[in-house]
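Chains as they are written, first to last, in the working numbering: chain A, 1 to 113; chain B, 1 to 111.
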C-alpha cells in the first residue's frame with residue numbers, strides 16, 4: 001500500500017526567502033511522485049513529477065524537488081518565495097499503472113511581504 | 001483549449017435529493033477519475049475509469065455511483081445525498097501512465 005505524509009500543514013515565509021515543503025512517502029514498489037499546487041478557488045496544477053529518471057526534478061515557477069529513496073522523501077523547494085506562490089501544495093504518490101494517486105494532506109504556504 | 005470541465009461549479013441541495021455532477025474532457029484521455037477534497041485529508045479517490053464501460057472503486061466509493069458510456073464523459077451520481085457528502089469534488093483525466101489534468105472543482109453542500 002502507498003501513503004504520503006506532508007509534515008507541515010502550514011508554512012509561512014517572507015517574500016524573497018527560501019521555501020521548503022516536506023513530504024515523506026511509503027510505497028511497495030518504485031513510485032512515481034508528483035507535486036501539485038492549488039491556488040484559492042482554483043483546480044490543481046502539476047508543478048513537477050518524478051518517474052525514475054533524474055532524482056532532482058525541476059518544475060514550473062522555479063520549484064524543484066529531490067527524490068531521496070534512502071529517506072523516502074520528496075521535499076519541494078524554491079530559492080526565493082514570491083507572493084504569487086501563496087497556495088496549497090499537495091505531494092502525491094502513484095505506484096499502480098501511474099494513474100492511482102494517493103494525496104498527502106496538503107501544506108498551505110503563506111508568503112509575507 | 002484542452003480542458004476538463006465540471007458542472008455545476010456550486011450546488012446546495014437537501015438530504016436525499018438525487019443529483020448528478022457532470023465531467024467532460026476534450027483530450028481523448030482513457031483514464032478518468034473523481035476525487036473529493038476535505039480539509040486536512042487532501043484528495044481521496046472516489047471512483048475511476050480506465051476506459052469506456054470500465055469503472056472501479058477508489059478509496060471512498062460509498063454513497064456514489066459513476067458511469068462511463070462515452071470516452072469524454074464521466075458523471076458522478078449521488079442517489080441519496082447526505083450531509084457527510086458535503087465536500088469539494090474534482091474530476092481528473094489522463095492518458096494511461098501519465099499525469100492527471102484536473103477540472104475546476106464542484107463545491108457541494110448537502111443540508
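A virtual CB, placed ideally from N, CA and C, is assigned to each residue, including glycine.
Bear in mind that the values here come from a model prediction, so they are computed numbers and not experimental data.
Looking at residue 81 (chain B) and residue 22 (chain B), is the spacing between their C-beta atoms short of 8 Å?
-> To locate residue 22 (chain B), count along the second chain from 1; it is residue 22. To locate residue 81 (chain B), count along the second chain from 1; it is residue 81. Not a contact, by the Cβ cut-off of 8 Å.
From the DSSP output, which residues share a beta bridge with residue 57 (chain B)?
-> On the second chain, residue 57 (chain B) is found 57 positions in, with the first residue counted as 1. B:47.
Go through its chain and collect everything with a Cβ distance to residue 13 (chain B)'s Cβ below 8 Å, but skip five positions before and after it.
-> On the second chain, position 13 is the one that residue 13 (chain B) refers to. Once the five neighbours on either side are set aside, the close Cβ partners of residue 13 (chain B) are 19, 81, 108, 109, 110 and 111.
Sequence-distant residues of its chain with Cβ nearer than 8 Å to residue 105 (chain B) (five each side left out) | On the second chain, residue 105 (chain B) is found 105 positions in, with the first residue counted as 1. Result list for residue 105 (chain B): 6, 9, 37, 88, 89 and 90, in chain order.
What residues from chain B crowd round residue 90 (chain A), counting only those whose CB sits closer than 8 Å?
-> Within the first chain, the letter at position 90 stands for residue 90 (chain A). What residue 90 (chain A) touches in chain B: 42 and 43.
Determine the burial state of residue 46 (chain B): buried for a count of at least 16 other Cβ atoms within 10 Å of its Cβ, exposed for fewer.
-> On the second chain, position 46 is the one that residue 46 (chain B) refers to. Under the 10 Å beta carbon count, residue 46 (chain B) is surrounded by 16 or more other beta carbons and is classified as buried.
Beta-carbon proximity of residue 24 (chain B) to residue 98 (chain B), cut-off 8 Å = The residue labelled residue 24 (chain B) in the question sits at position 24 within the second chain. The residue labelled residue 98 (chain B) in the question sits at position 98 within the second chain. No, they are not a contact pair.
Would the beta-carbon of residue 16 (chain A) fall within 8 Å of that of residue 80 (chain A)?
-> If you number the first chain from 1, residue 16 (chain A) lands on position 16. If you number the first chain from 1, residue 80 (chain A) lands on position 80. Yes, these two residues count as a Cβ contact at 8 Å.
Sorted by chain position, which residues of the same chain lie with C-beta nearer than 7 Å to residue 74 (chain A)'s C-beta, five sequence neighbours on each side aside?
-> The residue you call residue 74 (chain A) lines up with position 74 of the first chain. Hits under 7 Å: 23, 25, 33, 50, 65, 67 and 91.
Beta strand (DSSP E) runs contained entirely in the region 10-70 of chain A, provided each spans 3 or more residues = Within the region 10-70 of chain A, the complete beta strand (DSSP E) runs of at least 3 residues are 10-14, 19-21, 23-26, 32-38, 44-50, 56-58 and 64-68.
For residue 90 (chain B) and chain A, any beta-carbon pair shorter than 8 Å?
-> Along the second chain, read from residue 1 onward, the residue named residue 90 (chain B) stands at position 90. Yes, because at least one Cβ of chain A sits closer than 8 Å to the Cβ of residue 90 (chain B).
Members of the region 54-67 of chain A that neighbour chain B once the beta carbon cut-off is set at 7 Å = So the list is empty, because no residue satisfies the distance condition.
Determine, using beta carbons only, whether residue 103 (chain B) comes closer than 8 Å to chain A.
-> Here residue 103 (chain B) corresponds to residue number 103 of the second chain, with the count starting at 1. Among the CB atoms of chain A, one or more fall inside 8 Å of the CB of residue 103 (chain B).
Select from B:94, B:85, B:95 and B:102 the residue whose C-alpha is nearest the C-alpha of residue 15 (chain B).
-> Taking the first residue of the second chain as position 1, residue 15 (chain B) is located at position 15. In this structure, B:85 is the residue among B:94, B:85, B:95 and B:102 with its C-alpha nearest to the C-alpha of residue 15 (chain B).
Can residue 47 (chain A) and residue 59 (chain A) be called in contact, C-beta distance under 8 Å?
-> Translated into the one-based positions of the first chain, residue 47 (chain A) becomes position 47. Translated into the one-based positions of the first chain, residue 59 (chain A) becomes position 59. Their beta carbons are under 8 Å apart, which means residue 47 (chain A) touches residue 59 (chain A) by this criterion.
Whole-angstrom distance between residue 113 (chain A) and residue 29 (chain A), CA atom to CA atom = Numbered from 1 along the first chain, position 29 holds the residue referred to as residue 29 (chain A). Numbered from 1 along the first chain, position 113 holds the residue referred to as residue 113 (chain A). Straight across, the Cα-Cα distance linking residue 29 (chain A) with residue 113 (chain A) is about 42 Å.
Determine the chain B residues that contact residue 103 (chain A) at a beta-carbon separation under 9 Å, and present them in chain order.
-> Taking the first residue of the first chain as 1, we reach residue 103 (chain A) at position 103. What residue 103 (chain A) touches in chain B: 35, 37, 41, 42, 43, 44 and 45.
Taking DSSP as the reference, what is the three-state secondary structure of residue 85 (chain A)?
-> Numbered from 1 along the first chain, position 85 holds the residue referred to as residue 85 (chain A). The answer is helix: DSSP assigns residue 85 (chain A) an H, G or I state.
Of all the CB atoms in chain B, is at least one closer than 8 Å to the CB of residue 9 (chain A)?
-> To locate residue 9 (chain A), count along the first chain from 1; it is residue 9. Yes, residue 9 (chain A) counts as interfacial toward chain B.
Which word fits residue 94 (chain B), buried or exposed, when buried means at least 16 other C-beta atoms lie within 10 angstroms of its C-beta?
-> If you number the second chain from 1, residue 94 (chain B) lands on position 94. Buried is the call here.
By how many angstroms is the C-alpha of residue 38 (chain A) removed from the C-alpha of residue 8 (chain A)?
-> Position 8 of the first chain, counted from the first residue, corresponds to residue 8 (chain A). Position 38 of the first chain, counted from the first residue, corresponds to residue 38 (chain A). The alpha-carbon separation between residue 8 (chain A) and residue 38 (chain A) amounts to approximately 16 Å.
Step through the CB atoms of chain A and report whether any lies within less than 8 Å of the CB of residue 99 (chain B).
-> Mapped onto the second chain, residue 99 (chain B) falls at position 99. It does; some Cβ of chain A falls within 8 Å.
Closest Cβ-Cβ distance between residue 74 (chain A) and chain B: below 8 Å?
-> Looking up residue 74 (chain A) in the first chain gives position 74. With respect to chain B, the C-beta atom of residue 74 (chain A) has no partner C-beta closer than 8 Å.
Residues bridged to residue 109 (chain A) [DSSP beta-bridge criterion] = Position 109 of the first chain, counting from 1, holds the residue named residue 109 (chain A). According to DSSP, which records beta bridges pairwise, residue 109 (chain A) is partnered with A:11 and A:87.
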